[in-house]
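Structure first, then comments.
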Amino acid sequence: MQKKAHAPDYILLLLCVVLLFSGIFILASVSAAFSLQKTGSTFFFLNHQLLFGLLPGLLLATLAYFTRIEFIKKWSVVGLLLTIVALGLIFLPGIGGKLGGAARWLTLGPITFQPSEFLKIGFIVYLASWLVARMQKQPSIPYKGWLAGFTHTLLPFGIIISVLGLFLILQPDIGTLGVIGIISLMMYFSAATPLWHTLVLM
1 MQKKAHAPDY
11 ILLLLCVVLL
21 FSGIFILASV
31 SAAFSLQKTG
41 STFFFLNHQL
51 LFGLLPGLLL
61 ATLAYFTRIE
71 FIKKWSVVGL
81 LLTIVALGLI
91 FLPGIGGKLG
101 GAARWLTLGP
111 ITFQPSEFLK
121 IGFIVYLASW
131 LVARMQKQPS
141 IPYKGWLAGF
151 THTLLPFGII
161 ISVLGLFLIL
171 QPDIGTLGVI
181 GIISLMMYFS
191 AATPLWHTLV
201 LM
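For the sequence shown, our numbering begins at 1 and goes up steadily by one.
Shown next as structure tokens:
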């Protein structure tokens, strides 16, 4: 029997579009004078964001929409591990780069990028699949009570966050750490975990 195609969440899609165009409008407004002064073009930074930010984002979003969720779940851990390796390579001489006293850049040949930017996506995807798997397995664990919830969910979650947080603090990249921390807490709370877990993490 052929499976029916899953309809998109139009409310979520609308919110994303509103946030997207709001950000573009704000960028165009606040950067116009500075862009004209530095580059001679009023829309240099806007065009750069559209070309290297919006366009790749739309392509990735389209690819993700047509990719089976089972495939994403299966490879999410691989993506996270590769990102963690990239975060570690930042601190190696000749590969990692510093800017303004922060070691956030990784240079591979002609390509220079920030692994922490990929971490924002990779970790959220992995955390979503991990929480789903944990919640599905929780009824079958042999012991009950607060200890079960602690060792089964809260403890491994805290370890994952601590490892990633250590890499981000050493860079330092407190902004990315804050973004990941807030999103992680929201996802953890939304996964029907006990309220006291969230209170402990906070």
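Heads up, the beta-carbon is just placed ideally off N, CA and C, and yes, glycines get one too.
Of the listed residues L58, T67, F44 and G122, nearest to L13 (C-alpha basis): L58
T62 - containing alpha helix (DSSP H), residue span: L55 to Y65
Sufficient close CB pairs (3 or more, under 8 Å) joining the segment 45-61 to the segment 15-30: yes
CA nearest to the CA of I183, picked from L92, L119 and P110: L119
Beta-carbon separation (whole angstroms), A86 vs L106, contact threshold 8 Å: 6 Å
Inter-residue Cα distance where the pair is T112 and R134: 36 Å
Which of helix, strand or coil DSSP assigns to I124: helix
Boundaries of the beta strand (DSSP E) in which F113 is found, first to last residue: I111 to F113
Bounding residues of the alpha helix (DSSP H) (the contiguous stretch that carries S176): Inspection of the sequence shows that residue 176 is occupied by Thr rather than by Ser. If you look at T176, you'll find it in the alpha helix (DSSP H) that goes I174 to S190.
Straight-line Cα distance separating R104 from D173: Taken atom to atom, the span from the alpha-carbon of D173 to that of R104 is near 7 Å.
Short Cβ contact (7 Å threshold) for Y10 with S76: no
Limits of the alpha helix (DSSP H) - the one that L170 falls within: L155 to L170
Range of the contiguous alpha helix (DSSP H) that encloses A28: Its alpha helix (DSSP H) spans residues Y10 to T39.
Residues near P115 in its chain [Cβ-Cβ closer than 7 Å; skip 5 each side]: Here P115 has T83, A86, L87, I90 and L106 as same chain residues with Cβ atoms under 7 Å from its own Cβ, once five neighbours each way along the sequence are excluded.
Three-state secondary structure (DSSP) of I42: In the sequence as presented, Ile is not what sits at residue 42; that position holds Thr. T42 carries a coil assignment under DSSP once its states are collapsed to helix, strand and coil.
Nonlocal neighbours in the same chain, by C-beta distance under 6 Å from S31, ignoring five residues either side: Excluding sequence positions up to five before and after S31, its CB lies within less than 6 Å of the CB of F45, all in the same chain and listed in chain order.
Residue span of the alpha helix (DSSP H) that contains L80, given as start and end: Looking at the DSSP string, the run of the alpha helix (DSSP H) that includes L80 is I69 to L89.
Sub-7 Å separation of L177 and G165 beta-carbons: yes
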